[in-house]
Amino acid sequence: YASLALFVDATAWPENCNPQTEAIRWLGEQTLSGSAFVAARLVSIDVHYGGGDGPDLESVARHSRLAPADVISRHAAARYTVAMLGFAPGFPYLIGMDPTLAVPRLATPRAHVPAGSVAIGGAQTGIYPRSGPGGWHIIGRTTLELFDPARDPPALLAPGDQVRFVPAADPR
12 YASLALFVDA
22 TAWPENCNPQ
32 TEAIRWLGEQ
42 TLSGSAFVAA
52 RLVSIDVHYG
62 GGDGPDLESV
72 ARHSRLAPAD
82 VISRHAAARY
92 TVAMLGFAPG
102 FPYLIGMDPT
112 LAVPRLATPR
122 AHVPAGSVAI
132 GGAQTGIYPR
142 SGPGGWHIIG
152 RTTLELFDPA
162 RDPPALLAPG
172 DQVRFVPAAD
182 PR
């Protein structure tokens, strides 16, 4: 999510031309207009951590050698950046997580992860916008709808947005 692949068909260039040099020159000439940039927003997301909403909170705590309350505190203390959307429409890959909370993905992905699940996979955290399969550790859940095709724009979050998680006060 922080790189660009540029594929060049070397057969489409004249013989006396170096396609790599020309592609690099062309790329350097490209600019984005000011309208391509949208001011990043700070989005606060309420999360119900643990219990049925976060079945992997205990295992993340054991892996991190922390108490579950400390996992919640550290996860909620960070300000995350939406690096990109992918995997599923509206799924935000969030960077900026406390490295202590990093856990490897599940050895066997789940066939069903509920919509709104807040999860950790490697050094990232993310939110599943729809129910479906997934291999990240679920530590909580939000009731926010991250993707709605009838909404404009359909995704709640956009690359560059800032996210902070707020432990929900009301138990479920």
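Heads up: the sequence shown begins at 12 in the working numbering, then just goes up one per residue.
Every residue gets a Cβ at the ideal spot worked out from N, C-alpha and C, and that includes glycine.
- Bridge partners of residue 166 according to DSSP: 158.
- Counting only unbroken stretches of 4 or more residues, the alpha helix (DSSP H) elements lying wholly within the segment 69-131 are 79-88, in sequence order.
- No Cβ-Cβ contact shorter than 9 Å links residue 149 with residue 86.
- Residue 22 has its alpha-carbon roughly 44 Å from the corresponding atom of residue 157.
- Annotation: residue 136 is outside any alpha helix (DSSP H); the continuous beta strand (DSSP E) that includes it extends over 135-138.
- Under DSSP, the beta-bridge partners assigned to residue 175 are 55.
- Around residue 52, the same chain offers 172 as residues with beta carbons nearer than 6 Å, after the five sequence neighbours per side are excluded.
- Taking the CA atoms as reference points, residue 71 sits about 14 Å from residue 146.
- Assignment of residue 144 by DSSP, reduced to helix, strand and coil, places it in the strand class.
- The straight-line gap separating the alpha-carbon atoms of residue 56 and residue 38 is approximately 38 Å.
- In the displayed model, residue 151 falls within a strand according to three-state DSSP.
- Cα atoms of residue 95 and residue 17: separation of roughly 19 Å, rounded to the nearest angstrom.
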